[in-house]
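Read the structure below first, then the notes.
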Amino acid sequence: MKKFDPALAISSLEQFGEFGGVNPSITDSSTFTFLGAKTMVDTFHGETEGCFLYSRHWSPSNFFLSEAIAAMEGTEAGWVTGSGMGAITATILQICNSGDHIVSSVTTYGGTYAFLKNWLPKFNIEVTFVNQSDLEAVKKAVRHNTKIIYTETLSNPLLQVANIPEMAKIAKAAGAKLVVDNTFTPMIFAPYQLGADIVVYSMTKFINGKNDLVAGAICADKDFINSLIDVNNGTAMLLGPVLDPLRSSGILKNLHTLHIRMKQHSLNAMYVAENLEKLGIKVIYPGLNSHKEKPLMTKMMNEQFGYGGMMAIDMETTENAYLVMEEMQKRGVGYLAVSLGYFKTLFSNSGSSTSSEIPADIQKEMGMSPGLVRFSVGLDNDITHTFEVIKSCLQDLKIIK
Ligand code: PLP
3 MKKFDPALAI SSLEQFGEFG GVNPSITDSS TFTFLGAKTM VDTFHGETEG
53 CFLYSRHWSP SNFFLSEAIA AMEGTEAGWV TGSGMGAITA TILQICNSGD
103 HIVSSVTTYG GTYAFLKNWL PKFNIEVTFV NQSDLEAVKK AVRHNTKIIY
153 TETLSNPLLQ VANIPEMAKI AKAAGAKLVV DNTFTPMIFA PYQLGADIVV
203 YSMTKFINGK NDLVAGAICA DKDFINSLID VNNGTAMLLG PVLDPLRSSG
253 ILKNLHTLHI RMKQHSLNAM YVAENLEKLG IKVIYPGLNS HKEKPLMTKM
303 MNEQFGYGGM MAIDMETTEN AYLVMEEMQK RGVGYLAVSL GYFKTLFSNS
353 GSSTSSEIPA DIQKEMGMSP GLVRFSVGLD NDITHTFEVI KSCLQDLKII
403 K
């Protein structure tokens with residue numbers, strides 16, 4: 003079988019601007035005219051091709067980006083949202099009704115965890131959290147009313163690798179949808195090709211790569227995307243988490259360099275992870291032989307893009323984590339900031355920031371150390387120098403000799 007190449011799928015698209023522009027034109031309109039009244043009615047009912055009605059539903063700019071993101075995943079269709087949370091919540095609310103049940107990995111982004119844990123019970127939707135690495139536990143958690151199995155390909159912040167093909171089998175047997183957040187690993191994984199039903203993204207991160215906006219995406223088959231934007235009961239159409247077309251056109255241009263950026267993020271993260279581990283630091287990085295799910299990742303990943311830009315080190319205590327992060331920022335390693343996928347290195351203490359929605363006892367149960375420092379390794383040209391600076395921070399703080 004020919005290997006799936008997400009970068010080729012994007013670059014093969016023929017998308018042009020109105021006047022032959024090499025980039026699609028930006029549509030700066032919320033509404034669109036029709037020559038015939040009947041065509042407007044047909045468009046309202048989703049019965050026309052290539053017609054636009056109103057930009058909360060579709061706009062040409064968002065259509066171009068959706069087409070490119072869908073190509074990257076190999077799905078029939080996509081829809082882009084104003085944030086990653088917009089993509090996640092619209093997807094979940096489209097599938098689940100009151101009385102339904104979700105099985106979710108316990109290690110997800112804190113905002114997702116808070117939505118599942120605190121918000122959904124208001125609408126009588128129950129969630130069972132499981133350790134996604136324990137497939138028996140996933141199977142056992144499934145009930146007759148389970149509608150979604152939810153996971154992240156590479157979990158935040160512990161970088162556990164989800165066994166997508168096996169989880170897809172469990173979901174299929176249960177008549178549920180496997181929804182996968184692939185925010186940490188665009189290009190590296192194509193979860194739909196591995197059996198997921200719906201892939202969601204925060205495009206705020208690697209896909210856009212500039213930290214100048216928030217955005218999200220949903221990739222799935224045509225029926226699901228059409229149901230999301232149905233004028234009568236589509237969650238995306240009615241809750242309105244749409245992406246602004248101006249932002250959309252910027253993301254599309256950045257998407258065309260994603261494959262190069264992912265390779266460099268991966269090379270740099272591998273270098274830092276390997277060398278920190280040699281210094282005796284406890285490092286979590288799925289490209290290391292010490293990561294027990296490396297073989298699983300190697301089996302599932304697309305060729306060429308490496309093991310990703312995300313890694314974590316364990317400084318054991320929050321105090322140590324704060325000291326190291328402040329020192330690294332002072333010495334120019336990168337920024338003490340949440341988020342990821344930026345061209346500069348970003349680091350944060352997960353337990354007290356992006357995972358702070360997860361109660362301390364659950365963090366402990368998940369195996370998340372209070373001193374965990376998550377890195378999104380940047381695109382540094384001389385990563386050996388960056389590593390030497392990190393090493394000098396650790397030495398001067400007496401964390402290593
Ligand atoms: N999914 C993951 C894995 C994330 O890390 C984040 C944000 O940090 C989100 C979803 C939410 O995305 P956004 O901030 O674009 O709403």
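When we follow my numbering, the leftmost residue of the sequence shown carries the number 3, and every step to the right adds one. For each residue, glycine too, the CB sits at the ideal point set by N, CA and C.
The ligand GTP and S85: does any heavy atom of the ligand fall closer than 8 angstroms to the residue's C-beta?
Among the ligands modelled here, namely the ligand PLP, the ligand GTP does not occur.
Output yes or no for whether 9 angstroms exceeds the beta carbon distance between N228 and N256.
Your numbering for residue 228 matches position 226 in the sequence shown. Your numbering for residue 256 matches position 254 in the sequence shown. For N228 and N256, no; Cβs fall outside 9 angstroms.
Can you find a heavy atom of the ligand PLP that lies under 8 angstroms from the Cβ of G218?
Locating residue 218 in the sequence shown gives position 216, counting from the first residue. The answer is yes for G218.
Assuming V375 and N351 make a contact with CB atoms under 8 angstroms, what is their CB distance in whole Å?
Here residue 375 refers to the residue found at position 373 when the sequence shown is read from its first residue. Here residue 351 refers to the residue found at position 349 when the sequence shown is read from its first residue. Contact holds; Cβ gap of about 6 angstroms.
According to DSSP, which residues form a beta bridge with D316?
As a first step, residue 316 must be located in the sequence shown, where it is residue number 314. D316 is bridged to K284 and L374.
By the three-class DSSP mapping on this structure, what secondary structure does Y152 have?
Locating residue 152 in the sequence shown gives position 150, where the first residue counts as 1. Of the three classes helix, strand and coil, the one that applies to Y152 here is strand, per DSSP.
Any chance the CB of D183 is under 8 angstroms from a heavy atom of the ligand PLP?
Against the sequence shown, residue 183 aligns to sequence position 181. Checking the Cβ of D183 against the ligand PLP gives yes.
Give the straight-line distance between the Cα atoms of R58 and D384, rounded to the nearest whole angstrom.
Against the sequence shown, residue 58 aligns to sequence position 56. Against the sequence shown, residue 384 aligns to sequence position 382. Answer to the nearest angstrom: the Cα atoms are 44 angstroms apart.
Going by C-alpha distance, which of K141, N147 and T109 is nearest N126?
Taking the first residue of the sequence shown as 1, we reach residue 126 at position 124. Per the Cα distances, N147.
Leaving out five residues before and five after D223 in sequence, what residues of the same chain have Cβ atoms less than 6 angstroms from its Cβ?
Along the sequence shown, one-based indexing puts residue 223 at 221. Answer for D223: E78, listed in chain order.
Looking at the ligand PLP, does it come within less than 8 angstroms of N304, judged from the CB to the closest heavy atom?
What you label residue 304 is simply residue 302 of the sequence shown in a count that begins at 1. Checking every heavy atom of the ligand PLP against the Cβ of N304, none is found closer than 8 angstroms.
Quick check: what's the CA-CA separation for L10 versus H261?
Within the sequence shown, numbered from 1, the residue matching residue 10 stands at position 8. Within the sequence shown, numbered from 1, the residue matching residue 261 stands at position 259. So the two alpha carbons sit approximately 9 angstroms from each other.
What number of angstroms, rounded off, separates the C-alpha of E128 from the C-alpha of K119?
Here the question's residue 128 lines up with position 126 in the sequence shown. Here the question's residue 119 lines up with position 117 in the sequence shown. Cα to Cα, E128 sits roughly 8 angstroms from K119.
Does the distance from the C-beta atom of T110 to that of E154 stay below 9 angstroms?
The residue you call residue 110 lines up with position 108 of the sequence shown. The residue you call residue 154 lines up with position 152 of the sequence shown. Yes, Cβ-Cβ distance for T110 and E154 is below 9 angstroms.
Below 8 angstroms, is the gap between the Cβ of G19 and the nearest heavy atom of the ligand PLP?
The residue labelled residue 19 in the question sits at position 17 within the sequence shown. Not under cutoff, so the answer is no.
If you compare alpha carbons, which of N291, S341, S354 and Q331 is closest to T319?
Locating residue 319 in the sequence shown gives position 317, where the first residue counts as 1. Of the candidates N291, S341, S354 and Q331, the one whose C-alpha sits nearest the C-alpha of T319 is S354.
Quick check on C53: does DSSP put it in helix, strand or coil?
Position 51 of the sequence shown, counted from the first residue, corresponds to residue 53. If DSSP states are grouped into helix, strand and coil, C53 belongs with coil.
Can you tell which of M74, R145, P62 and A116 has its C-alpha closest to the C-alpha of G101?
Here residue 101 refers to the residue found at position 99 when the sequence shown is read from its first residue. For the residues M74, R145, P62 and A116, the minimum Cα distance to G101 belongs to R145.
So what's S107 in DSSP terms, helix, strand or just coil?
Your numbering for residue 107 matches position 105 in the sequence shown. In this structure, S107 counts as strand in the three-state DSSP scheme.
Within 10 angstroms of the Cβ of Q162, are there 16 or more other Cβ atoms? Answer buried if so, exposed if not.
As a position in the sequence shown, residue 162 is number 160, starting the count at 1. By the 10 Å Cβ count, Q162 comes out buried.
Take N235 as the anchor and find which of W81, A92 and V43 has the nearest alpha-carbon.
Reading the sequence shown from its first residue, position 233 is the one you call residue 235. It is A92 whose Cα lies nearest to the Cα of N235.
Between the C-alpha atoms of P159 and K346, what's the straight-line distance to the nearest angstrom?
In the sequence shown, the residue the question calls residue 159 occupies position 157. In the sequence shown, the residue the question calls residue 346 occupies position 344. Distance between the alpha carbons of P159 and K346: 19 angstroms.
Out of I71, V326, I364 and L241, point me to the one whose CA is closest to F377's CA.
By 1-based counting over the sequence shown, the position of residue 377 is 375. Among I71, V326, I364 and L241, the Cα nearest to that of F377 is on V326.
Is there at least one non-hydrogen atom of the ligand PLP closer than 8 angstroms to the beta-carbon of V108?
As a working note, residue 108 is residue 106 in the sequence shown. Checking the Cβ of V108 against the ligand PLP gives no.
Go through its chain and collect everything with a Cβ distance to F131's Cβ below 6 angstroms, but skip five positions before and after it.
Within the sequence shown, the letter at position 129 stands for residue 131. The residues are S106 and V108.
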